[in-house]
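Notes follow the structure.
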Amino acid sequence: MSEYREVCLSGTGVTKVFGIGSKKTVAVNNVDFKFYSGELISIVGESGSGKTTLIKMLLGLTSVTSGEIFFMGEKRDISSHKKKKEYWRGIQAIFQDPYSSYNIFSKIDSVLLDCIKMRGGRGLPYEKKVDMMREACSFVNLKFDEMTNKYPFELSGGQMQRLMIARIFLLKPKILLADEPTSMIDACSRATILEMLLKLRDETGMMIIFITHDMGLAYYVSDSVYIMEKGKFVEYGSANEVVLTPKAEYTKQLLNDVPKIHDPWEFSRNKKFRKEITV
Ligand SMILES: Nc1ncnc2c1ncn2[C@@H]1O[C@H](COP(=O)(O)OP(=O)(O)O)[C@@H](O)[C@H]1O
Ligand SMILES: [Mg+2]
């Protein structure tokens, strides 16, 4: 078996400090990480552990106080607007609150058309663009004909998150950051969203970083799990290693809370959606 796996996103000593003096918060504290192409990684930690701050630094929405981030083996350069736009071709995010993710003045078809333009499809004939939008909507079980002329906020929370996934389907980034994308929608839509994320990964090979405070969910969907406590990674490894043989006290604590929340997800169950990463 070959040892080679492509590292698509990595970081050394990545740190974010908010505020100064007595008001200082070290949200992310000197973390190192190496994420491989095609992997599904979960970052698990309680509220306030620094997950969203890390995601925002990875995306380039929040500046890094110190440390380095590398994208596809090279030091990331997002020093100009142009370079940032180029970076965002490769890395995209879905956030927790679907209502905050859309420009309220954009109709659904223009949200999708923008994605086609970002992928260089500006000059395509309109019919071709409609075909692409139709395909993206059908991937997430939305009916394109019912979507045109509507605004995203006319959809339910679950439908809006599905539209976010349709965007990702069109953009086909190398990396998708999903920051608790299922935490604000109903349980039924939640399962659908998860299945769609897994389908997206299987069909496109994109790497997904899934942020959650839910250990059961992380085990269910991921290849690797990183445990975050107070801005630091206290443990990481394969989902099986971290969940079945946890080493850090904090991981054990998180696992203790799981059966109370998720009785139906026994840890021994077959993970029918998970695919082994081929190395
Ligand atoms: N813009 C900000 N200004 C000041 N402190 C912040 C800001 N964003 C986050 N924090 C603080 O950083 C810490 C980590 O927050 P966050 O990254 O949102 O955690 P999580 O996503 O794991 O809940 C918290 O203590 C939070 O209060
Ligand atoms: Mg958060």
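Under our numbering, the letters of the sequence shown match residues -2 to 276, in that order.
Where is the CB? At the ideal position from N, CA and C, for every residue including glycine.
For residue i, which residues from the same chain have a beta carbon less than 6 angstroms from its beta carbon, with the 5 sequence-adjacent residues on both sides left out?
i: G10; result: N27, G64
i: F136; result: F166
i: V75; result: The amino acid occupying residue 75 in the given sequence is Ile; Val does not appear at that position. For I75, where only same-chain residues beyond five positions count, the Cβ hits under 6 angstroms are G57, K81, Y84.
i: A236; result: Y216, S219, V222
i: Y247; result: E226, V231
Would residue i pass as a contact of residue j if the rule is Cβ separation under 8 angstroms?
i: I52; j: A24; result: no
i: I172; j: I38; result: no
i: T50; j: K21; result: no
i: E232; j: V240; result: no
i: V108; j: L160; result: yes
i: D139; j: K126; result: Note on identity: in this sequence residue 139 is Leu, with Asp being the wrong assignment. Cβ distance not < 8 angstroms, so L139 and K126 don't count as in contact.
i: L197; j: T179; result: no
i: G154; j: F67; result: no
i: D94; j: M193; result: no
i: E177; j: I224; result: no
i: V222; j: G213; result: no
i: D106; j: M130; result: yes
Beta-carbon within less than 7 angstroms of residue i's beta-carbon, same chain only, minus the 5 sequence neighbours each way: which residues are those?
i: C112; result: R164, L167, L168
i: H210; result: V41, G42, E43, S44
i: A133; result: L109, A163, F166, L167
i: K268; result: Because the pLDDT at K268 is just 49, under 50, the model does not fix this residue reliably, and the point stays unresolved.
Is it right to say residue i is buried, meaning 16 or more other beta carbons lie within 10 angstroms of its own, or is it exposed?
i: S186; result: buried
i: L58; result: exposed
i: Y158; result: Note that residue 158 corresponds to Gln in the displayed sequence, not to Tyr. Label assigned to Q158: buried.
i: Q156; result: buried
i: D142; result: exposed
i: S265; result: Confidence in S265 is poor, its pLDDT being 43 and thus under 50, which makes the residue's placement too unreliable to answer from.
i: G228; result: buried
i: F32; result: buried
i: Y1; result: exposed
i: L6; result: buried
i: N243; result: Note on residue identity: the sequence assigns Pro, not Asn, to residue 243. Label assigned to P243: buried.
Tell me the DSSP secondary structure of residue i in three-state form.
i: Y148; result: coil
i: S107; result: helix
i: F141; result: helix
i: Y84; result: helix
i: N253; result: helix
i: A24; result: strand
i: G213; result: helix
i: D94; result: coil
i: E3; result: coil
i: M181; result: coil
i: Y247; result: helix
i: S19; result: helix
i: E71; result: strand
Which residue from the options puts its Cα closest to that of residue i?
i: Y96; options: I17, M129, F15, E151; result: E151
i: T62; options: G118, L251, G16; result: G16
i: E226; options: G47, G213, I182, M54; result: G47
i: G87; options: E192, A133, L174, E246; result: L174
i: W85; options: D176, L252, P170, P243; result: P170
i: N100; options: T248, Y1, Y148; result: Y148
i: Y216; options: L252, D199, D106, F230; result: L252
i: K104; options: T248, T145, D199; result: T145
i: A245; options: F230, V255, D128; result: F230
i: E3; options: D29, E71, S19; result: E71
Below 8 angstroms CB to CB, which residues in the same chain sit around residue i once its five sequence neighbours on both sides are set aside?
i: M54; result: V11, K13, V25, S60, V61, I66
i: D183; result: G154, G155
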